[in-house]
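Taken in sequence, the protein lines are chains G and Y.
Just so we're aligned, residue 9 is where the first sequence starts under the numbering used here, counting upward by one.
Just so we're aligned, residue 2 is where the second sequence starts under the numbering used here, counting upward by one.
Note sheet for the following structure.
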Amino acid sequence: MMTIDELLTQLTDLSLTLEVSPDDASTFDLQILIRQLRKQVVAQAFAPLTTLANSPVEVEQLKLLMPQVNQAIQTEQNRARLVARIVSLAKIALRATGVNLAGN
Amino acid sequence: MWGLRTGAPMYQTRRRTRLLLLLFVVASSTGCVTPVVVRSMSAQLVRTQLAYSLSLRSYFAAVEEFADAQVKIADHRIDEITAQINRAYGLRAVPDLGQAATLEERQRIIDQLVKDVTGNTSADLPLKRKITDAVASLKQRDRDLEAAYLVILAASQKLDEYIRLKKADQAAILELTRAVGLNSEKITSIVDEIAKISQDLALSMTRLP
Numbered sequence: 009m010m011t012i013d014e015l016l017t018q019l020t021d022l023s024l025t026l027e028v029s030p031d032d033a034s035t036f037d038l039q040i041l042i043r044q045l046r047k048q049v050v051a052q053a054f055a056p057l058t059t060l061a062n063s064p065v066e067v068e069q070l071k072l073l074m075p076q077v078n079q080a081i082q083t084e085q086n087r088a089r090l091v092a093r094i095v096s097l098a099k100i101a102l103r104a105t106g107v108n109l110a111g112n
Numbered sequence: 002m003w004g005l006r007t008g009a010p011m012y013q014t015r016r017r018t019r020l021l022l023l024l025f026v027v028a029s030s031t032g033c034v035t036p037v038v039v040r041s042m043s044a045q046l047v048r049t050q051l052a053y054s055l056s057l058r059s060y061f062a063a064v065e066e067f068a069d070a071q072v073k074i075a076d077h078r079i080d081e082i083t084a085q086i087n088r089a090y091g092l093r094a095v096p097d098l099g100q101a102a103t104l105e106e107r108q109r110i111i112d113q114l115v116k117d118v119t120g121n122t123s124a125d126l127p128l129k130r131k132i133t134d135a136v137a138s139l140k141q142r143d144r145d146l147e148a149a150y151l152v153i154l155a156a157s158q159k160l161d162e163y164i165r166l167k168k169a170d171q172a173a174i175l176e177l178t179r180a181v182g183l184n185s186e187k188i189t190s191i192v193d194e195i196a197k198i199s200q201d202l203a204l205s206m207t208r209l210p
């Protein structure tokens with residue numbers, strides 16, 4: 009399939025051969041067509057930008073997983089707090105048995 | 002200052018040594034303490050992604066500015082070609098008008114000229130619309146990519162938050178190390194070293210004939 013650029017090149021080449029032709033109407037129509045094609049070429053240069061929208065980035069799974077990680081963080085923080093309490097109780101128990109801990 | 006005060010310094014030293022050994026064994030056997038190098042890389046990854054998102058934003062802004070300039074150039078070029086075509090129509094009509102014998106014939110030539118010029122000029126509108134739509138599509142795509150990258154960044158930050166989290170095992174070690182007056186990060190790095198040595202040893206053992 010011929011592109012607009014290729015068509016423009018062929019018509020431009022043809023117009024060069026017709027410039028010596030006595031048929032002014034044909035030459036005129038061809039010149040108009042070439043100029044109209046030049047406008048199409050200008051607009052066509054932006055066409056690749058329209059294909060950009062057809063390749064989306066999939067991030068929905070990440071959005072779904074983030075609250076789960078958040079939950080894991082909460083759970084771990086609760087566990088850490090529990091451990092801190094257990095250790096704290098152990099220190100109290102140690103003190104009760106006569107082991108003296110500084111800084112408490 | 003934390004520390005065991007049970008009397009004799011020798012006894013205190015022995016107790017600390019036992020406690021530290023116990024900590025190393027617990028930490029290295031459970032493997033739940035996040036290695037220092039993993040924490041560092043995670044933090045660095047978030048910093049890098051944050052910097053990348055900023056440079057991505059400036060990149061999009063520059064490309065969009067360039068695209069806007071190209072639209073102006075394209076519009077100007079289309080207007081220029083349209084003027085050339087209209088001039089050609091006018092030049093074609095002039096000799097015909099001079100040769101027109103009647104008023105009707107003259108009017109017919111003028112009507113044709115107006116029709117040609119109007120048709121030529123109005124044909125530019127869909128072309129210019131096509132160009133602005135394409136650039137709008139680029140800008141929309143930029144916004145989509147930017148939004149997607151912000152989700153990726155947020156996910157990295159969430160993971161980093163988990164990695165940097167003081168986990169239950171780490172909290173226990175921290176509490177115990179406070180009692181013997183040692184820095185928990187130091188303990189973590191010591192555990193890393195122990196794990197590395199263990200791996201090296203395990204590798205050496207497998208290589209033995």
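Every residue, glycine too, gets a C-beta built ideally from N, C-alpha and C.
Since the structure is predicted, the reported quantities are computational estimates derived from the model, not experimental observations.
Q.
Buried or exposed for isoleucine 110 (chain Y), going by 16 or more other Cβ atoms inside 10 Å?
A. The residue labelled residue 110 (chain Y) in the question sits at position 109 within the second sequence. Buried is the call here.
**Q.** Reduced DSSP category for glutamate 66 (chain G) - H, G, I as helix; E, B as strand; rest coil
**A.** Numbered from 1 along the first sequence, position 58 holds the residue referred to as residue 66 (chain G). Looking at glutamate 66 (chain G) - three-state DSSP - the assignment turns out to be coil, as it is neither helix nor strand.
Q.
For glycine 64 (chain Y) and arginine 58 (chain Y), I'd like the C-alpha separation in whole angstroms.
A. Residue mapping note: residue 64 (chain Y) aligns to position 63 of the second sequence, counting from 1. Residue mapping note: residue 58 (chain Y) aligns to position 57 of the second sequence, counting from 1. Note that residue 64 (chain Y) is valine in the sequence shown, not glycine. Spanning the two alpha carbons is a distance of roughly 10 Å.
Q) With DSSP run on the structure shown, which of helix, strand or coil describes asparagine 112 (chain G)? A) Sequence index remark: in the first sequence, residue 112 (chain G) carries index 104 (1-based). In this prediction, asparagine 112 (chain G) scores a pLDDT of 48, lower than 50, which makes its location untrustworthy; the coordinate-derived value is nonetheless stated afterwards. Coil at asparagine 112 (chain G), not helix or strand.
Q. Under 8 Å between C-beta atoms, does threonine 11 (chain G) make it to chain Y?
A. If you number the first sequence from 1, residue 11 (chain G) lands on position 3. The beta carbon of threonine 11 (chain G) sits no closer than 8 Å to any beta carbon of chain Y.
Q. Are alanine 68 (chain Y) and leucine 146 (chain Y) touching if we call contact CB-CB under 8 Å?
A. Here residue 68 (chain Y) is taken as the residue at index 67 of the second sequence, counted from 1. Here residue 146 (chain Y) is taken as the residue at index 145 of the second sequence, counted from 1. Against a cut-off of 8 Å, the Cβ pair of leucine 146 (chain Y) and alanine 68 (chain Y) comes out as no contact.
Q) Which word fits alanine 75 (chain Y), buried or exposed, when buried means at least 16 other C-beta atoms lie within 10 angstroms of its C-beta? A) The sequence position of residue 75 (chain Y) within the second sequence is 74, counting from 1. Buried: at least 16 other Cβ atoms inside 10 Å.
**Q.** Alpha-carbon to alpha-carbon, aspartate 193 (chain Y) and aspartate 201 (chain Y)
**A.** As a position in the second sequence, residue 201 (chain Y) is number 200, starting the count at 1. As a position in the second sequence, residue 193 (chain Y) is number 192, starting the count at 1. If I take the Cα positions, the gap works out to 12 Å.
Q. Below 8 Å between beta carbons: does that hold for alanine 124 (chain Y) and valine 67 (chain G)?
A. In the second sequence, the residue the question calls residue 124 (chain Y) occupies position 123. In the first sequence, the residue the question calls residue 67 (chain G) occupies position 59. Contact: no.
Q.
Which residue marks the beginning of the alpha helix (DSSP H) containing valine 107 (chain G), and which one marks its end?
A. Residue 107 (chain G) sits at position 99 when you count from the first residue of the first sequence. No alpha helix (DSSP H) contains valine 107 (chain G), which DSSP labels as neither H nor E.
**Q.** Cβ-Cβ distance between serine 54 (chain Y) and leucine 160 (chain Y) below 8 Å
**A.** In the second sequence, residue 54 (chain Y) corresponds to position 53, counting from 1. In the second sequence, residue 160 (chain Y) corresponds to position 159, counting from 1. No, these two residues do not count as a Cβ contact at 8 Å.
Q: Jot down the residue ranges of each uninterrupted beta strand (DSSP E) in the segment 113-151 of chain Y, minimum 3 residues, whole runs only, in chain order.
A: none
Q. In chain Y, which residues lie with their C-beta within 9 Å of the C-beta of threonine 17 (chain G)?
A. Along the first sequence, one-based indexing puts residue 17 (chain G) at 9. Within 9 Å Cβ-Cβ: nothing; threonine 17 (chain G) doesn't reach chain Y, min ~17 Å.
Q) Is the Cβ-Cβ distance between tyrosine 163 (chain Y) and alanine 92 (chain G) less than 8 Å? A) Here residue 163 (chain Y) refers to the residue found at position 162 of the second sequence. Here residue 92 (chain G) refers to the residue found at position 84 of the first sequence. Between tyrosine 163 (chain Y) and alanine 92 (chain G), the CB-CB gap reaches or exceeds 8 Å.
**Q.** Amino acids of chain G, ordered along the chain, whose beta-carbon sits closer than 9 Å to that of alanine 44 (chain Y)
**A.** Position 43 of the second sequence, counted from the start, is the residue given in the question as residue 44 (chain Y). Result: empty, since nearest Cβ-Cβ is about 16 Å, beyond 9 Å.
Q: Express the C-alpha separation of alanine 44 (chain Y) and glycine 32 (chain Y) in angstroms, rounding to a whole number.
A: Residue 32 (chain Y) sits at position 31 when you count from the first residue of the second sequence. Residue 44 (chain Y) sits at position 43 when you count from the first residue of the second sequence. Residue confidence is low: glycine 32 (chain Y) scores 48 on pLDDT, short of 50, so the model does not pin down where it sits. No coordinate-derived value is stated.
**Q.** Endpoints, alpha helix (DSSP H) assigned at leucine 57 (chain Y)
**A.** Sequence index remark: in the second sequence, residue 57 (chain Y) carries index 56 (1-based). Leucine 57 (chain Y) -> alpha helix (DSSP H) spans 37-100.
Q | Straight-line Cα distance separating aspartate 13 (chain G) from arginine 40 (chain Y) | A | Translated into positions along the second sequence, residue 40 (chain Y) becomes position 39. Translated into positions along the first sequence, residue 13 (chain G) becomes position 5. The straight-line gap from Cα to Cα measures roughly 56 Å.
Q: Evaluate asparagine 78 (chain G) with the Cβ neighbour count: other Cβ atoms within 10 Å of its Cβ, from every protein chain shown; 16 or more gives buried, anything less gives exposed.
A: Counted from its first residue, the first sequence places residue 78 (chain G) at position 70. Looking at its Cβ environment, which holds fewer than 16 other Cβ atoms inside 10 Å, asparagine 78 (chain G) is exposed.
Q: Closer than 7 Å by beta-carbon distance: list the chain Y residues that pair up with leucine 38 (chain G), in chain order.
A: Taking the first residue of the first sequence as 1, we reach residue 38 (chain G) at position 30. Those do not exist, as leucine 38 (chain G) stays about 11 Å from chain Y at its closest Cβ, beyond 7 Å.
Q. Which of the residues in the segment 59-75 of chain G, read from start to end, lie with their CB under 8 Å from any CB of chain Y?
A. Legend: CB atoms of the segment 59-75 of chain G lying less than 8 Å from CB atoms of chain Y belong to residues Leu60, Ala61, Pro64, Val65, Val67, Leu70, Lys71, Leu73, Met74.
Q.
Excluding the 5 residues flanking glutamine 85 (chain G) on each side, which residues of the same chain have their C-beta closer than 7 Å to its C-beta?
A. Position 77 of the first sequence, counting from 1, holds the residue named residue 85 (chain G). Nothing meets the Cβ criterion.
(Q) Can you check whether the C-beta of valine 95 (chain Y) is within less than 8 Å of a C-beta belonging to chain G? (A) In the second sequence, the residue the question calls residue 95 (chain Y) occupies position 94. No, its Cβ sits nowhere closer than 8 Å to a Cβ of chain G.
Q) Do the segment 127-136 of chain Y and the segment 96-110 of chain Y touch if we need at least three Cβ pairs shorter than 8 Å? A) no
Q | alanine 53 (chain G) in three-state terms, based on DSSP | A | Along the first sequence, one-based indexing puts residue 53 (chain G) at 45. In this structure, DSSP gives alanine 53 (chain G) a state outside helix and strand, which the three-state scheme calls coil.
Q: Tell me whether lysine 167 (chain Y) sits in a helix, a strand or coil according to DSSP, three-state version.
A: Working through the second sequence from its first residue, we reach residue 167 (chain Y) at position 166. The answer is coil: DSSP assigns lysine 167 (chain Y) none of H, G, I, E or B.
Q: Please name the residue, chosen from G:Pro64, G:Ile42, G:Phe36, that lies closest to threonine 20 (chain G) on a Cα-to-Cα basis.
A: For the purposes of this step, residue 20 (chain G) is identified with residue 12 of the first sequence, where counting begins at 1. Residue G:Ile42 is the option with its Cα nearest to threonine 20 (chain G).
**Q.** Same chain only: Cβ atoms within 6 Å of alanine 62 (chain Y), ignoring 5 sequence neighbours per side
**A.** Here the question's residue 62 (chain Y) lines up with position 61 in the second sequence. Excluding residues within five positions, none has a Cβ falling inside 6 Å.
Q. Thinking C-beta only, is glutamate 176 (chain Y) closer than 8 Å to valine 95 (chain G)?
A. On the first sequence, position 87 is the one that residue 95 (chain G) refers to. On the second sequence, position 175 is the one that residue 176 (chain Y) refers to. Yes, the Cβ-Cβ distance between valine 95 (chain G) and glutamate 176 (chain Y) is below 8 Å.
**Q.** Closest by C-alpha distance to alanine 169 (chain Y), when choosing among G:Arg87, G:Gln18, G:Gln76, G:Ala53
**A.** Locating residue 169 (chain Y) in the second sequence gives position 168, counting from the first residue. Ranking the options by Cα distance to alanine 169 (chain Y), first place goes to G:Arg87.
Q. If the cut is a Cβ gap below 8 Å, which residues of chain G does lysine 73 (chain Y) touch?
A. Residue mapping note: residue 73 (chain Y) aligns to position 72 of the second sequence, counting from 1. Think of a sphere of 8 Å around the beta carbon of lysine 73 (chain Y): no beta carbon from chain G falls inside it, the nearest being about 12 Å out.
(Q) Distance check for isoleucine 79 (chain Y) and valine 72 (chain Y), CA to CA, integer angstroms please. (A) As a position in the second sequence, residue 72 (chain Y) is number 71, starting the count at 1. As a position in the second sequence, residue 79 (chain Y) is number 78, starting the count at 1. Approximately 10 Å between the Cα atoms of the pair.
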